[in-house]
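Worksheet: one structure, shown below.
Number of protein chains: 2
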Amino acid sequence: MPDPSSAPALASTDPAHLDAADPLASYRDRFVIPDPDLIYLDGNSLGRPPLAALERLARVAAEEWAGELIRGWDHWLDAPLRIGNLLGTQLLGANPDEVALCDSTTIDFYRLASAALDARPGRRIIVTDRANFPTDRYVLEGLARDRDREIAWLDPDAVEGPSTEDVAAVLAAHPDDVALVTVSHVNYRSAAIADMPAITSLAHDAGALVLWDLSHSAGAIRVELAAAGVDLAVGCTYKYLNGGPGAPAWLFIRSDLQAELRNPIQGWFGQADQFEMGQGFRPRPGIAGWLTGTPGILGLAAAEEGIRLSAEAGIDRIRAKGIALTEYAIALHDVRLAPLGFELGSPREAARRGAHVSIRRSDARELTRRMIATGVIPDFRAPDSIRLGLSPLTTSFTDVHRAVDVIAELAAG
Amino acid sequence: MPDPSSAPALASTDPAHLDAADPLASYRDRFVIPDPDLIYLDGNSLGRPPLAALERLARVAAEEWAGELIRGWDHWLDAPLRIGNLLGTQLLGANPDEVALCDSTTIDFYRLASAALDARPGRRIIVTDRANFPTDRYVLEGLARDRDREIAWLDPDAVEGPSTEDVAAVLAAHPDDVALVTVSHVNYRSAAIADMPAITSLAHDAGALVLWDLSHSAGAIRVELAAAGVDLAVGCTYKYLNGGPGAPAWLFIRSDLQAELRNPIQGWFGQADQFEMGQGFRPRPGIAGWLTGTPGILGLAAAEEGIRLSAEAGIDRIRAKGIALTEYAIALHDVRLAPLGFELGSPREAARRGAHVSIRRSDARELTRRMIATGVIPDFRAPDSIRLGLSPLTTSFTDVHRAVDVIAELAAG
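Sequences listed follow chains A and B, in order. Be aware that the first sequence starts at 1, since it is given in the working numbering, and climbs by one per residue. Be aware that the second sequence starts at 1001, since it is given in the working numbering, and climbs by one per residue.
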């Protein structure tokens, strides 16, 4: 990999050389790519389908659903916990039996935030940030209203994301009154990485619980939930984990909190002796007590293949390529786009940045539309950001180079 | 169809004649049936896959997910409401824009029950019955605990289900104090049909809201949500609607209540101007405000095909065949199984019975196991019921006859 400190040198590197040296380059062949000329830079919003996911879906439908019929539940019942363990232990730094795949990120976030508030009944404050992902903010607003709590909003730097110092200041302003601190690990717009160990530790020192949204981290950067002492986390599987459109989300609860916290939505999949169908809810022990209704098996099956592929590639290699791709994109931005009035909307320090790069210009919305018409697909994030998602398993350095060519041409014209 | 009043005559009818006269017989060919010798009487738990669902899944994966990538959301966004309208207007007697397909039955039941309690803040009582489906009871227990409410339990006749008189008596015992009445329309064990118009009207007279669980009705019997004045309803799509294992559930909210009730889980799919990602939750108007997180597109696509097939067959023909199949099963039970110590666990009156038949004997659990080993799949419901699910689009009269042969042989042996 080239020296990332030298933007002009890196920007002038032939992307074919970078692709030739990429140890993950062959993973692209493990995905279904019907139009190889299309440059897809939105795998951070919806990842491409693994070949194995299509094969698995066909098998689940024809052999399991049609052939096993109701008997499929003999093994489907385990799927949320089996896949949760694969994801948790291979890609999230969790211990076994701390992760379950179920429901949507919104539902899981609601349940964990709700349980956290219940576990801190005397405390009125929820800390989060204005730049957090919308669904998290909306859920918290509803909970604050319904539970008579108040949100203390961080107002982070748009590029650098919520700083540990800002969190510390808000905690100090509300002594013994913060129930929950919740931020995204990688910001959806800027890709800024929040300091998970430091913020977790600050929250704990203040007596609060902490809930991380890892939707833009899982499968893109190394996450160490257990080592950081994290209480609670959620995330999706349809971005870097290539699980499919609307694939099931996951939740993480640290082992020693699983019995202490109470699932506000008590469903039959979380019930001990589920099929006795008896009177009175008695939760299954551990993370299983956090399952709710009947899980969607088609979605789980596809997600398992995506997660398996990332686990096979290995998070360290994925992270290294994510850094290399984003460094390359930033170098090209600096040399070719900055002169056209673009500003970088992501941190320059690789260790502080996830696997996408935001570039900002006031006409970003219209430029995105024109890029898509040209066969380069990024996404737009209001008000002025073009997000270039550089999903490490499916994006080549040539993709990045060609995308910048197109942006430069459109932006100059 | 033969005269159902004469059990011996009906029981001695050749099932091949009944199949030959069945106007829906050809629908069986619209499903994937890899083992035609297997007798599947559990379509009331997991319906068989429509051929169209397998084709659709392959297309969604290869063409939409792989080919359209993120652009698929241009039409996926509408799916929960589009399919909700198909289901609601064709099969549930709802008006347009009153039904959405989303999340699981448990999650939807929680959200609607929670909203109903919020809408009746001065009232402490929730009315439901001990024989209601477990997940509904468990959710209500959690809500009662968290919201300081109390459940007034009906204790219905095990076969006939909750009677209108019992509901009236409980309402009278708690004047001006019942917030919510919620029962299943068709009981999961006995198939007893509760009187939807009468119970709805009683609840309204008492100032309560009513929430129906239609998991065992939808796609099996005629439902008239609008005509009955129902406030709220939920149901699944993986039973008679053949939507696939863990297919998305649906919720119904009467139009004039949609603005009055508040979704407790405020997610980004329920937000006006979702992709502006702005500050402050402002719900989309109407049923769209009840969407939460990112919907699972694979599950929705398969479910749409199942729903479409039921709508094409027509609920009146489906209901007529459901009655004919259950009448035939009961006649065979009376003549051949009652002498072996079985008791009928379902109402004898066709108008009071859904599309399955329960037969009871103390060794039902063991008998079910032996039936499955023989290639006849019913399911067991504790403590003593064998459920024979006679899903009208995929079950033949010959299936019923052969299943009773097997039961009689095993039970006598």
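Beta carbons: idealized from backbone N, C-alpha and C, even for Gly. Fair warning: this is a prediction, and the values are worked out from it, not measured in the lab.
Span of the alpha helix (DSSP H) holding residue i?
i, result
"I1297 of chain B", "I1297 to A1313"
"T182 of chain A", "No alpha helix (DSSP H) contains T182 of chain A, which is instead part of the beta strand (DSSP E) from V178 to S184."
"I107 of chain A", "T105 to A119"
"I1199 of chain B", "M1196 to D1205"
"H1017 of chain B", "P1015 to A1020"
"E165 of chain A", "T164 to A173"
"L143 of chain A", "P134 to D146"
"E55 of chain A", "L51 to R59"
"D1074 of chain B", "W1073 to W1076"
"A11 of chain A", "A7 to A11"
I need the boundaries of the beta strand (DSSP E) containing residue i, first residue and last residue.
i, result
"G1235 of chain B", "L1232 to G1235"
"A79 of chain A", "First-last for A79 of chain A: A79 to L91, but that is the alpha helix (DSSP H), not the beta strand (DSSP E)."
"L101 of chain A", "V99 to L101"
"W1290 of chain B", "Looking at the DSSP string, W1290 of chain B is not in any beta strand (DSSP E), and its letter there is neither H nor E."
"I33 of chain A", "It is not in any beta strand (DSSP E) - I33 of chain A carries neither H nor E in the DSSP assignment."
"T1294 of chain B", "Note, T1294 of chain B: premise wrong, no beta strand (DSSP E); not H, not E."
"D213 of chain A", "L209 to D213"
"I1126 of chain B", "I1125 to D1129"
"W153 of chain A", "E150 to L154"
"I359 of chain A", "H356 to R360"
Using a Cβ cut-off of 8 Å, pull out every chain B residue sitting near residue i, in sequence order please.
i, result
"M371 of chain A", "In chain order: nothing, as chain B lies at least about 12 Å away."
"I297 of chain A", "G1244, P1245 and G1246"
"E276 of chain A", "A1382"
"Q258 of chain A", "Those within 8 Å of Q258 of chain A in chain B number zero; the least Cβ separation is about 17 Å."
"D379 of chain A", "I1070"
"R130 of chain A", "Q1279"
Note down, in chain order, every chain A residue with its Cβ under 8 Å from the Cβ of residue i.
i, result
"F1414 of chain B", "Within the shown structure, residues of chain B are numbered from 1001 to 1413, placing residue 1414 of chain B beyond reach of any answer."
"T1105 of chain B", "G293 and T294"
Note down, in chain order, every chain A residue with its Cβ under 9 Å from the Cβ of residue i.
i, result
"L1054 of chain B", "A58, A61, A62, W65 and A66"
"R1120 of chain B", "Within chain A, no residue comes near R1120 of chain B; the closest Cβ sits about 15 Å away, beyond 9 Å."
Run through chain B and tell me which residues come within less than 9 Å of residue i, C-beta to C-beta.
i, result
"I151 of chain A", "None at all; the shortest Cβ gap to chain B is about 11 Å."
"G345 of chain A", "None at all; the shortest Cβ gap to chain B is about 14 Å."
"Y40 of chain A", "L1069 and I1070"
Using a Cβ cut-off of 7 Å, pull out every chain A residue sitting near residue i, in sequence order please.
i, result
"S1045 of chain B", "I70"
"G1267 of chain B", "T106, T135, Y138 and V139"
"A1302 of chain B", "L298"
"P1264 of chain B", "G142 and D146"
Residues of chain B with a CB under 7 Å from the CB of residue i: which are they?
i, result
"P49 of chain A", "A1061, W1065 and A1066"
Give a yes or no on whether the minimum CB-CB distance between residue i and chain D is below 8 Å.
i, result
"A228 of chain A", "The chain inventory of the structure shown lacks chain D, comprising the protein chains A and B."
Mind listing, in chain order, the continuous beta strand (DSSP E) runs of no fewer than 3 residues lying wholly within the region 362 to 403 of chain A? Listed in chain order, they are 379 to 381 and 385 to 389.
Any contact between the region 133 to 148 of chain A and the region 1256 to 1265 of chain B? By contact I mean 3 or more CB pairs, one from each, below 8 Å. yes
To be precise: take each residue of the region 63 to 75 of chain A, compare its Cβ to all Cβ atoms of chain B, and keep it if any distance is under 7 Å. Which residues remain? W65, A66, G67, L69, I70 and G72
Threshold first: 3 residues or longer. Then list the beta strand (DSSP E) segments lying entirely within the region 1227 to 1270 of chain B, N to C. 1232 to 1235 and 1250 to 1253
Do the region 1148 to 1167 of chain B and the region 1188 to 1195 of chain B make contact, defined as three or more Cβ pairs closer than 8 Å? Taking 8 Å as the limit for Cβ pairs, the verdict is that the region 1188 to 1195 of chain B does touch the region 1148 to 1167 of chain B.
Contact set between the region 1173 to 1207 of chain B and chain A, restricted to residues whose Cβ is under 7 Å from the partner: none
For the region 3 to 35 of chain A, list every residue whose C-beta sits within 9 Å of some C-beta in chain B, in sequence order. F31, V32, I33, P34 and D35
Return the residues of the region 314 to 334 of chain A that lie within a Cβ-Cβ distance of less than 7 Å from chain B, sorted by chain order. Answer set for the region 314 to 334 of chain A: empty.
Inter-stretch contact (C-beta, 8 Å, three-pair minimum) for the region 166 to 186 of chain A and the region 126 to 136 of chain A: yes
Indicate whether the contact test is met: 3 or more Cβ pairs, each with one atom in the region 282 to 302 of chain A and one in the region 1239 to 1247 of chain B, closer than 8 Å. yes
Decide yes or no for the touch test of the region 301 to 319 of chain A against the region 76 to 94 of chain A: beta carbon pairs closer than 8 Å, at least 3 of them. yes
Taking three-plus beta-carbon pairs below 8 Å as touching, is the region 1107 to 1122 of chain B in contact with the region 1225 to 1242 of chain B? For the pair of segments examined, the region 1107 to 1122 of chain B was found to touch the region 1225 to 1242 of chain B: the number of CB pairs separated by less than 8 Å reaches three.
Please name the residues in the region 1154 to 1169 of chain B whose beta-carbon is closer than 7 Å to at least one beta-carbon of chain A, in chain order. none
Anything in the region 83 to 114 of chain A with a Cβ closer than 8 Å to a Cβ of chain B? List those residues in chain order, please. D103, S104, T105, T106, I107 and Y110
Is it the case that the region 1374 to 1382 of chain B contacts the region 1332 to 1340 of chain B, given that we only count it when at least three CB pairs across the two stretches are under 8 Å? no
Do the region 1044 to 1056 of chain B and the region 1250 to 1259 of chain B meet, that is, are 3 or more Cβ pairs less than 8 Å apart? no
Whether or not the region 320 to 337 of chain A and the region 5 to 15 of chain A are in contact is what I'm after, with contact meaning three or more pairs of Cβ atoms, one per stretch, closer than 8 Å; do they touch? yes
Evaluate contact between the region 1360 to 1377 of chain B and the region 1197 to 1212 of chain B, counting only Cβ atoms and requiring at least three cross-stretch pairs below 8 Å. By the Cβ test, the region 1360 to 1377 of chain B is not in contact with the region 1197 to 1212 of chain B, since fewer than three Cβ pairs between them sit closer than 8 Å.
Touching or not, the region 1027 to 1037 of chain B and the region 1211 to 1222 of chain B, by the rule of three or more beta carbon pairs under 8 Å? no
Three or more beta-carbon pairs under 8 Å between the region 61 to 69 of chain A and the region 278 to 294 of chain A, yes or no? When Cβ pairs closer than 8 Å are counted between the two stretches, the region 61 to 69 of chain A is seen not to touch the region 278 to 294 of chain A, the count staying below three.
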